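Inspection log for the structure reproduced underneath, given as structure tokens.
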Amino acid sequence: MFHKIQSHLHFLPKNWLTYLPFGCFLIFSLIFPLFFKGSFNRNVMIFIFLYTIMAEGWNILGGYAGQLSVGHVVFFGIGGYTNSLLLVNWGVTPWVGIFLGGTAAAGISALIGLPCFRLRGHFFALATIGLAEITRISCSHWKAIGGAIGITLPMEFNLYNFLWRGKLPYYYIFLAFTLTSILVVFIIDRSRMGLYLKALNQDQDAAESFGLNVFKYKMIAIVISTFITGIAGGLYAQYVQYIDPQSMFPFMISIEIIIVVLIGGRGTVLGPLLGAIIFVPLSEYTRTYLGGLAKGYDYIIIGLIVVILAIKRPEGLVGLRRS
Amino acid sequence: MVEFQVIINGLIEGCIFAVIALSLTLIWGVMQIVNFSQGEYLMLSMYLTYVLWNFFGFDPLISLLVTVPVFFAFGYFTYKVLISRIIGASFFPQILTTFGLMIFLRYVAFNIFGPNFRRILNPIVEGRISVSGIYLDTAKLCTAIVAIIGFVALTWFMTKTKTGKALQTTAQDREVALSFGIDVEKMYALAWGISIALVAMAGTFISTFRYMDPSLGDAFLLLAFASVILGGTGSIAGALLGGVIIGLVENLFGFFVFPAYKIVMVYIIFILTLLLKPEGLIKE
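Line by line, the protein sequences give chains A and B. Sequential numbering from 770 applies to the first sequence in our numbering. Sequential numbering from 99 applies to the second sequence in our numbering.
In structure tokens form, the structure reads like this:
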């Protein structure tokens, strides 16, 4: 029956089914604000976008290259801090600052990758946790960047400052960044580099013995990955208009990024998007309907889902089952 | 004199980290699983001690008789219900399972007890004792002593008893253990039981001097990881050595150099160990 339907749709690209979810997502996102005027629902969508950007970023390193970073919040934080400091101290517009934040995150990640890519598996993961904690504690005590008090962005709402009162401008800008991050991962997925990263993920020794420069591709992966995560940090800072070490560097965000990707399926373009579409509403709506922040039902349910998924479908919802 | 005081404090705190590191390294060594939910068992054991004190008036010393067996069973069943299903799985599902478990356990505690700090008042082990000018916090000292007893007992169990030897064989080579007719599944479950019981023992004592909240696991877990890596994964003596070094570094650096950055120093040593000597100080 499926082939029959497909034969009637010959005017579409051959693997149109692959693009269908992205098309649906795009159309849904574009018209969503027309039907949902309330700030709560728009806020949920904005967080779906934000988590998709972060998850697509992590996916390049953790999904395609198979290097488990449990410290990605560092790059999120560096992005946010760079952008906010540039804006507050030198009046640099976030339209530039967000990208400089991404660049700073990528630069620091390269410095981290240089020694740490010798480590494998659990050891790489633990090193990234250590680095994340060092950054968080250092930022809490660093007076020049606001210390534990944090930074409040100037309350001048205009295009130059990337600050608005309503949610709609953020909504469409975040959507644009989300689509770009999906596109970047899509291009990597279809390129020769994607192939190399997948080989690296499957079996590093085998990839190396076939003459692949493993270190080089790990470095490329981490730089692109953290650039995207840094941009997400800058966007988040502009959206909440106030940052401090507790909101930019919590260990939990690192874990949430990983969970979002693994729910959807790591090493796929669709996985992080799907993961964010499931994760964010689940956490926002259970929080709202099951008695607020002080009850934690959202995370109890997420914890259960993660455990069940890890056992029953470890490759994620859209990931390929490996033999 | 003050230097000596700082060193003693470091040794005592080091022993506390060490026993948590021991519980981690046991699971890591026996079945190559890095358990990120270990800190949550510590937190839950502290809350159980609190509940027993609050509703039944049990002193933590008496609660030990309840918490240790309860958490042994808890660990044993965690293995049977959950971990046994991911033994043969690859790295990502294993990590994901312990992450999920961590979040689940933390927020169950959060749901029941709320985010407020709680603490046990007037335990038997309280106050401080003075030995020739050095002050010792009684509660911390007792915790450290119990930690040392834990180490001695586990070493004795692993080297002298038949079950302990079977456990070691399983840790070294699963196939060989199977060929000897060792029930590997039972050994794994036992390792989880012992590990979680050890953490509960530590937790029961820690609750005599530290307030508790649902997210306290992180602080202990990360320092325990640092201890495990520093000492060498899977090594009992390594966990003790690693824990003590971490405790000393934290206290000496914190007192003499820069108190705000004492934990940073611990993590720097942790990362340097990973990079320069990933097998740790004591190799099994």
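Cβ atoms here follow ideal geometry from the backbone N, Cα and C, with glycine treated the same way. In this text, all values refer to a predicted model and were calculated from it rather than measured experimentally.
When the options are compared against residue i, the one with the closest alpha-carbon
i, options, result
"L159 of chain B", "B:I210, B:F318, B:T302 and B:G291", "B:T302"
"Y1011 of chain A", "A:T787, A:G882, A:V857 and A:F892", "A:V857"
"I1170 of chain A", "A:K1064, A:F1048 and A:E1053", "Past the edges of chain A, shown from 770 to 1092, lies residue 1170 of chain A, and the structure says nothing about it."
"P938 of chain A", "A:P790, A:H841, A:A834 and A:M814", "A:M814"
"L203 of chain B", "B:F307, B:L373, B:M141 and B:I218", "B:M141"
"I1046 of chain A", "A:K1081, A:G1036, A:V1029 and A:T1037", "A:V1029"
"A119 of chain B", "B:I369, B:G332, B:E348 and B:T371", "B:G332"
"F1015 of chain A", "A:R934, A:S878, A:S838 and A:Y850", "In the sequence under discussion, the amino acid at residue 1015 of chain A is Gln, which differs from the Phe named in the question. Of A:R934, A:S878, A:S838 and A:Y850, the residue nearest in Cα terms is A:Y850."
"I1071 of chain A", "B:I193, B:S188 and B:G198", "B:G198"
"A834 of chain A", "A:K1081, A:A1001, A:M962 and A:I918", "A:M962"
"M1021 of chain A", "A:G792, A:I822 and A:H841", "A:H841"
"F255 of chain B", "B:G340, B:L276, B:A317 and B:I292", "B:I292"
"G1044 of chain A", "A:I1069, A:L819 and A:K1081", "A:L819"
"A873 of chain A", "A:R1082, A:G1003 and A:I918", "A:G1003"
"Y148 of chain B", "B:F215, B:T259, B:V244 and B:V347", "B:F215"
Backbone CA spacing between residue i and residue j [nearest angstrom]
i, j, result
"G186 of chain B", "R1056 of chain A", "36 angstroms"
"F351 of chain B", "G108 of chain B", "10 angstroms"
"L288 of chain B", "G876 of chain A", "46 angstroms"
"V100 of chain B", "P312 of chain B", "35 angstroms"
"S138 of chain B", "M988 of chain A", "According to the sequence shown, residue 138 of chain B is Glu rather than Ser. The straight-line gap from Cα to Cα measures roughly 34 angstroms."
"N784 of chain A", "L146 of chain B", "56 angstroms"
"I294 of chain B", "A335 of chain B", "19 angstroms"
"W911 of chain A", "K360 of chain B", "14 angstroms"
"L320 of chain B", "G899 of chain A", "8 angstroms"
"I210 of chain B", "N152 of chain B", "14 angstroms"
"I227 of chain B", "N220 of chain B", "16 angstroms"
"W126 of chain B", "G225 of chain B", "36 angstroms"
"I201 of chain B", "Y788 of chain A", "34 angstroms"
"F984 of chain A", "S182 of chain B", "35 angstroms"
"I997 of chain A", "F886 of chain A", "20 angstroms"
"I344 of chain B", "L124 of chain B", "19 angstroms"
"P1041 of chain A", "F323 of chain B", "29 angstroms"
"N349 of chain B", "R905 of chain A", "20 angstroms"
"D1067 of chain A", "A945 of chain A", "28 angstroms"
"L895 of chain A", "V843 of chain A", "14 angstroms"
Under 9 angstroms by beta carbon: chain A residues contacting residue i
i, result
"A187 of chain B", "A1079, I1080 and P1083"
"L373 of chain B", "P884, C885, R887, L888 and A896"
"F175 of chain B", "Those do not exist, as F175 of chain B stays about 14 angstroms from chain A at its closest Cβ, beyond 9 angstroms."
"R217 of chain B", "By Cβ distance, chain A contributes nothing, its closest Cβ being about 19 angstroms from R217 of chain B, past 9 angstroms."
Closer than 9 angstroms at the beta carbon, the chain B residues around residue i
i, result
"G1072 of chain A", "F197, G198, L199, M200, I201, F202, L203, R204, Y205 and V206"
"Y1066 of chain A", "Y205 and N209"
"V1075 of chain A", "L194, T195, F197, G198, L199, I201 and F202"
"I1028 of chain A", "L194, F197, G198 and I201"
Chain-order list of residues whose beta-carbon lies under 8 angstroms from that of residue i (same chain, five-residue window excluded)
i, result
"R889 of chain A", "Q973"
"N930 of chain A", "L856, T862, P863, L922 and P923"
"L869 of chain A", "T851, N852, L855 and V861"
"I1024 of chain A", "V839"
"Q836 of chain A", "L830, F886, F893, K987, A990 and I991"
"I380 of chain B", "G329, G330, S333, A335, G336 and L339"
Residue i: contacting residues in chain B (beta-carbon distance under 8 angstroms)
i, result
"G876 of chain A", "Result: empty, since nearest Cβ-Cβ is about 19 angstroms, beyond 8 angstroms."
"H910 of chain A", "A358 and Y359"
"F1020 of chain A", "D316"
"L1031 of chain A", "F190 and L194"
"L837 of chain A", "F189, F190 and I193"
Residue burial classification, residue i (beta-carbon count within 10 angstroms, cutoff 16)
i, result
"V297 of chain B", "buried"
"A975 of chain A", "exposed"
"L786 of chain A", "exposed"
"L883 of chain A", "exposed"
"W290 of chain B", "buried"
"D281 of chain B", "exposed"
"C240 of chain B", "buried"
"F134 of chain B", "buried"
"N970 of chain A", "buried"
"A237 of chain B", "buried"
Contact set for residue i: own chain, Cβ-Cβ below 7 angstroms, skip 5 residues either direction
i, result
"P802 of chain A", "R811, L937 and Y940"
"V954 of chain A", "E825, N828, I829 and V1038"
Per-residue contacts from residue i into chain A (C-beta, under 7 angstroms)
i, result
"V362 of chain B", "I903, I906 and S907"
"I327 of chain B", "L895"
"Y365 of chain B", "G899, E902 and I903"
"L320 of chain B", "I898 and E902"
Close beta carbons around residue i, own chain, < 6 angstroms, minus the five adjacent residues each side
i, result
"Q1007 of chain A", "P863 and F931"
"M144 of chain B", "G301, S305 and M310"
Cross-chain neighbours of residue i in chain B, by beta carbon under 7 angstroms
i, result
"L856 of chain A", "The premise fails here: L856 of chain A is roughly 27 angstroms from chain B at the closest Cβ pair, so nothing lies under 7 angstroms."
"I1024 of chain A", "F197"
"I1069 of chain A", "F202, Y205, V206 and N209"
Practice problem: Can you give me, in chain order, the residues of the region 883-898 of chain A that have a beta carbon less than 8 angstroms from any beta carbon in chain C? | Solution: Here chain C cannot be found, since the structure's protein chains are A and B.
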